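Take any residue in the sequence shown, count from 1 to its spot, add 6: that is its number in the numbering used here. Below is one structure, written out as structure tokens; the observations come after it.
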Amino acid sequence: MIVATCSSFESAFPEAAELIVERLRGSVGNVRLQRSIDGVFPDGELCVDLADDPTGCHVLLLQCATNFGADPSREMMALLAAARSYRDHGAAYVAAFLPHLAYSRQDRHVPTQRRPLMAALVSDLAGAAGIEDVITLRSGNAALLDASFAGARLTFLPVDGLVDDLLRPLVGDGAILVAPDAGIEPAVSALARAHGVPVVAAVKKRLGPEHVSLALSDSTALDTARTAIIVDDLITSAGTLMATAQAVHERCENVAVHAVSTHLRPTVFGSKRLQKLLSGGDLRSLRASDAAGSKPELDNLAVLPALPYVLADLVDAFLRLGRRNAPSPPAVAAGATTATVSLLVPRPTPVPVPRPTLSASVICMNLADLRAQVPRLEDAGVLRLHVDIADPGFGGEFGLPVQIISDLRSVSALPLDVHIMYAKPERLLRHPVLRMADQISVHQRSVDRGRLAEFQRALPDGVSLGLVINADEPIDQELVELLGVKTVTVMSVVPGGAGRPFQEAALDGIAHARRLRDRGILSAVEADGAVDQDTAPRLVSAGADRLVIGSRMLPGREVSLPRIRALHDSFDKR
């Protein structure tokens, strides 16, 4: 596996590549890092030089085409040239990570304008260069962008945690959120519900590349507001931000106006506007991320690094998407010459995930012999440990004490997935031992929508969140996106005990979760319960890429290597 950086990415994010490589090595072991592989000839044309042979490798290309002073077209061309070089020289799979996707605003035809869909062109060029998947932070109209991408697949990384941290210092009594245009209004409304504050929307009309007219559609909520927070996903010329701030002040001149944005990419003119807004007090503060590669030095500007919020999802997406692709390099057509091979880069045919990840249910193991049993599980190809913690009023007596997490961490470095069966999970989330977990999953029906902000504050830092649904329970997609959930677990038994019968209805829930994963909303789909050689192939065919094995695979609370090997073999017979 190879992680390769383009020069512009190195300039914008000098420490990011090492973090990505370190995270990947925790999952797959050997990962090579190749830095700044692109350059220029003396005449100014691009060149790419690979340090060693990439034959058969999966490659993650890192590029930033939007950092301040960069030429987006030049940097996109550098990315394409790098991808083509890897594919020409035998790489089996190439994905590209761009924290902010250049040309993503040009995603629709506008009446009276005769402009190309540049987002679609970027997709076509990426596919022609041999890029299978483009991974980026969610921004803009995700549905329109997704529809524009045909040459390469587009995967969005959730930014919910980032947005929440941008907002949290500003939200308080008397706060109100402002959506500066119709495109972002649904997302801002969802944030307002999560934080329990009102929302005001604006109607915007673009007058030119850097000028807009704007009016607030319903501003009565501003009458009692003390703080107005403008929430946008991209700031470039700052025309929308300036017009929104002016509209808010015209309606209520004493309100303090702040702004947050996941992507800050100011033009020269935009930087001057921001400086004027921030230094003059029309905008009290601006909080943004560095996702677009820009970190201008402006008064009252705070810039958060985006990568820590999406690192786990980025690595998971790259590994998951790569598993779908045939592991062989492009074949040379009969009679083709060396000169024509580089123009014949076929896209590999997507294949199903060959083997899901196995996670062992600790409650079905001999708890007095964990130090011996866990290494045997690792030898059998089990890659995660599943810990059930239950409140008797919710999950029955089928649960472990929360202190088991520290016991497990002392005997194993495997990822720990903690399944909390509590009617009010936030009561347990603040327990310090949960910081040792890698993932915490709560039941969808136990999440109180009226207290989402409190729920999110209770989550331990650095621990990912999953949702659990019963076999016949529909997935609440809005809740998944609000909470930034990366994994949905579908119970394939009635929860509350071992050895219970398989629930056929779980297959429909897994199929729904699979569709969300295919759209980039989820990273993993897990099935929990009644997993054996007969049910596992059906669960995987429905879309599960993670299976929790319990009493059927661990008879008598002992690790059965023959049964687990037979389970692995069953995947090859699908």
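Yeah, the Cβ is synthetic: ideal placement off N, Cα and C, and Gly gets one too. All values derive from a computational prediction rather than experimental measurement.
Check your understanding: How far does the alpha helix (DSSP H) with residue 463 in it reach, from first residue to last?
Key -> Taking the first residue of the sequence shown as position 1, residue 463 is located at position 457. Element bounds for residue 463: 458-464.
Exercise for review: Run the CB neighbour count on residue 47, radius 10 Å, all protein chains shown included, and call it buried at 16 or more, exposed below.
Suggested key: Your numbering for residue 47 matches position 41 in the sequence shown. Around the beta carbon of residue 47, a 10 Å sphere encloses fewer than 16 other beta carbons of the protein chains shown; the residue is thus reported as exposed.
Review point. Would a C-beta distance cut-off of 9 Å place residue 398 and residue 405 closer than the cut-off?
Key: Here residue 398 corresponds to residue number 392 of the sequence shown, with the count starting at 1. Here residue 405 corresponds to residue number 399 of the sequence shown, with the count starting at 1. In contact: residue 398 and residue 405 (Cβ atoms closer than 9 Å).
Check your understanding: Count the other CB atoms within 10 Å of the CB of residue 12; is the residue buried (16 or more) or exposed (fewer)?
Key -> Position 6 of the sequence shown, counting from 1, holds the residue named residue 12. The residue is buried, with at least 16 neighbouring Cβ atoms inside 10 Å.
Practice item. Measure the alpha-carbon distance for residue 383 versus residue 467 and round it to whole angstroms. Key: Along the sequence shown, one-based indexing puts residue 383 at 377. Along the sequence shown, one-based indexing puts residue 467 at 461. If you take the alpha carbons of residue 383 and residue 467, they lie about 28 Å apart.
Check your understanding: Using 8 Å as the Cβ pair cut-off and three pairs as the minimum, do the region 197-204 and the region 249-264 touch?
Key -> Using a C-beta cut-off of 8 Å, the region 197-204 makes no contact with the region 249-264, since fewer than three inter-stretch Cβ pairs fall below that distance.
Check your understanding: For residue 110, is the classification buried or exposed, using 16 other Cβ atoms within 10 angstroms of its Cβ as the cut-off for buried?
Key -> Taking the sequence shown and counting its residues from 1, the one referred to as residue 110 is at position 104. The residue in question, residue 110, is buried, as its Cβ has 16 or more Cβ neighbours within 10 Å.
Review point. Is it right to say residue 308 is buried, meaning 16 or more other beta carbons lie within 10 angstroms of its own, or is it exposed?
Key: Here residue 308 is taken as the residue at index 302 of the sequence shown, counted from 1. So residue 308 counts as exposed.
Practice item. Just list the beta strand (DSSP E) runs in the region 31-110, keeping only unbroken ones of 3 residues or longer that don't cross its boundaries, in chain order. Key: Listed in chain order, the complete beta strand (DSSP E) runs (minimum 3 residues) inside the region 31-110 are 38-40, 44-46, 52-54, 64-68, 99-103.
Check your understanding: Apart from the five residues just before and just after residue 73, which ones in its own chain have a Cβ nearer than 8 Å to its Cβ?
Key -> Locating residue 73 in the sequence shown gives position 67, counting from the first residue. Once the five neighbours on either side are set aside, the close Cβ partners of residue 73 are 14, 17, 18, 298, 299, 300.
Point to revise | Local conformation of residue 472 per DSSP, three classes | key: For the purposes of this step, residue 472 is identified with residue 466 of the sequence shown, where counting begins at 1. Of the three classes helix, strand and coil, the one that applies to residue 472 here is strand, per DSSP.
Check your understanding: In three-state DSSP terms, what is residue 250?
Key -> Along the sequence shown, read from residue 1 onward, the residue named residue 250 stands at position 244. Reduced to three states, the DSSP call for residue 250 is helix.
**Study point:** Contained alpha helix (DSSP H) runs [length at least 4] in the region 360-417, N- to C-terminal order
**Key:** 376-385, 398-401, 410-417
Review point. Are there three or more Cβ pairs, one per stretch, closer than 8 Å when the region 77-93 is compared with the region 309-322?
Key: Touching, no.
Practice item. Could you say if the region 218-230 and the region 264-278 meet the contact criterion of at least three C-beta pairs nearer than 8 Å? Key: no
Check your understanding: Going straight from the alpha carbon of residue 237 to that of residue 70, what length do you get?
Key -> Translated into the one-based positions of the sequence shown, residue 237 becomes position 231. Translated into the one-based positions of the sequence shown, residue 70 becomes position 64. Approximately 23 Å between the Cα atoms of the pair.
Practice item. Would you kindly work out how many angstroms separate the C-alpha atoms of residue 68 and residue 41, rounded to a whole number? Key: Position 62 of the sequence shown, counted from the first residue, corresponds to residue 68. Position 35 of the sequence shown, counted from the first residue, corresponds to residue 41. Each residue's alpha carbon lies about 10 Å from the other.
Check your understanding: Hey, residue 167 and residue 526 are a contact pair by Cβ (cut 8 Å); roughly how many whole angstroms apart?
Key -> Counted from its first residue, the sequence shown places residue 167 at position 161. Counted from its first residue, the sequence shown places residue 526 at position 520. With a Cβ gap of about 16 Å, residue 167 and residue 526 do not count as contacting.
Exercise for review: Check the DSSP bridge columns for residue 532 and list the partner residues they point to.
Suggested key: Taking the first residue of the sequence shown as 1, we reach residue 532 at position 526. DSSP lists 495, 552 as partners of residue 532.
Check your understanding: How many angstroms separate the CA atom of residue 220 from the CA atom of residue 287?
Key -> The residue given as residue 220 occupies position 214 in the sequence shown. The residue given as residue 287 occupies position 281 in the sequence shown. Roughly 20 Å separates the two Cα atoms.
Review point. Can residue 420 and residue 455 be called in contact, C-beta distance under 9 Å?
Key: Counted from its first residue, the sequence shown places residue 420 at position 414. Counted from its first residue, the sequence shown places residue 455 at position 449. Taking 9 Å as the Cβ cut-off, residue 420 and residue 455 do not qualify as a contacting pair.
Point to revise | residue 457 vs residue 432 beta-carbon contact at 9 Å | key: The sequence position of residue 457 within the sequence shown is 451, counting from 1. The sequence position of residue 432 within the sequence shown is 426, counting from 1. Their beta carbons are under 9 Å apart, which means residue 457 touches residue 432 by this criterion.
Check your understanding: Can you name, in chain order, every residue of its own chain whose Cβ lies under 8 Å from the Cβ of residue 422, other than the five neighbours on each side?
Key -> By one-based count along the sequence shown, residue 422 stands at place 416. So the qualifying residues of the chain are 390, 391, 393, 411, 414, 415, 442, 443, 444, 445.
Review point. Helix, strand or coil: which one does DSSP assign to residue 437?
Key: For the purposes of this step, residue 437 is taken as the residue at position 431 of the sequence shown. Note: residue 437 maps to coil in three-state DSSP.
**Study point:** Assigned secondary structure, residue 22 (DSSP; H/G/I helix, E/B strand, else coil)
**Key:** Along the sequence shown, one-based indexing puts residue 22 at 16. DSSP places residue 22 in helix when its eight states are reduced to three.
Point to revise | Backbone CA spacing between residue 156 and residue 126 [nearest angstrom] | key: The residue you call residue 156 lines up with position 150 of the sequence shown. The residue you call residue 126 lines up with position 120 of the sequence shown. Approximately 7 Å, taken between the alpha carbons.
Practice item. Measure the alpha-carbon distance for residue 482 versus residue 475 and round it to whole angstroms. Key: Here residue 482 corresponds to residue number 476 of the sequence shown, with the count starting at 1. Here residue 475 corresponds to residue number 469 of the sequence shown, with the count starting at 1. Cα-Cα distance, rounded: 9 Å.
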